[in-house]
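Trainee:
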Amino acid sequence: MGLKVFNFICENGHTFEAMVPSIEAFEEQKKNGFFTCPVCNSNVISRALSAPHIQASSTQKDVSQNTVEAMHTVYKTVKKILDESEFVGDRFADEARSIHRGDAPDRLITGTPTSEEVSELRDEGIEVLEIGLKKDRSTN
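Just so you know, we're using the working numbering here: the sequence shown kicks off at -14 and counts up by one.
1. So what's Ile111 in DSSP terms, helix, strand or just coil?
2. Are there 16 or more other CB atoms within 10 angstroms of the CB of Ile30, so buried, or fewer, so exposed?
3. Please list, in chain order, all residues of the same chain as Pro98 whose beta carbon is under 6 Å from its beta carbon, the five residues on each side excluded.
4. Is DSSP giving Thr0 helix, strand or coil here?
5. To the nearest angstrom, how far is it from the Cα of Glu170 to the Cα of Cys(-5)?
6. According to DSSP, Ser104 sits in a beta bridge with which residue or residues?
7. Contact between the segment 18 to 29 and the segment 64 to 75: three or more CB pairs below 8 Å?
8. Looking only at its own chain, which residues have a Cβ that is under 6 Å from the Cβ of Val14, when we skip the five neighbours before and after it?
9. Determine the extent of the alpha helix (DSSP H) in which Arg86 is found, giving its start and end residues.
10. Which residue or residues does DSSP assign as beta-bridge partners of Phe72?
11. Can you check whether the C-beta of Glu102 is within less than 7 Å of a C-beta belonging to chain B?
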C-alpha cells in the first residue's frame, strides 16, 4: 500500500502535511499519542480538507523509500538531540536567555516554549530549533 499525503490542523490553527498509509493509520497513531503538531506539539489534531496524493507508480515507490530513509535519519538525529539535552519544560525561554547572556552554563536544552516565546527569542538573536517532539514522550 502506498503512502498518502493528508493535510492536518491542530487546535492552535497550525496546518501541516503528513504521509500516512491510510486515514485509519493516522487515527491509530493519534489515539496512541504518536501524532502531534510539529509546531506546538499539540496532540489535538484533526484532518483538514485536502485531496490525498496517492503514490502508485514504481518511481513514486522509489521516492517513497527515499522519504522513509530521510525520515529515519531525521528521527535518529532528533533522538540524539533529545538524549543529549536537558529538558527544562516551560522554563525554556528563561533558560535560553540565561544561557545566551552567560548567566547559566552553555548546554543543549529542550523544552516546551510557546510560539510567542519562540518568536521573542528569535527577535532577541537567540537561535531556536523547533523539532516538534516532547522529550518525555517515547519516540516510535
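Cβ atoms here follow ideal geometry from the backbone N, Cα and C, with glycine treated the same way.
Mentor: Based on what the coordinates show:
1. Residue state, collapsed to three classes: coil.
2. With 16 or more other Cβ atoms from the protein chains shown falling within 10 Å of its own Cβ, Ile30 counts as buried.
3. The residues Phe77 and Ala78, in chain order, have a CB closer than 6 Å to that of Pro98 in the same chain once the five nearest residues on each side in sequence are set aside.
4. If DSSP states are grouped into helix, strand and coil, Thr0 belongs with the strands.
5. Only positions -14 to 125 of the chain appear in this structure, which leaves residue 170 out of reach.
6. Paired residue(s): none; Ser104 is not in a bridge.
7. The segment 18 to 29 and the segment 64 to 75 do not touch, with fewer than 3 CB-CB distances between them shorter than 8 Å.
8. Note that residue 14 is Gln in the sequence shown here, rather than Val. Within the same chain, Gln14 has close Cβ partners Phe20.
9. Annotation: the continuous alpha helix (DSSP H) that includes Arg86 extends over Phe77 to Arg86.
10. Phe72 pairs with Thr95.
11. The structure shown contains no chain B, having only a single protein chain.
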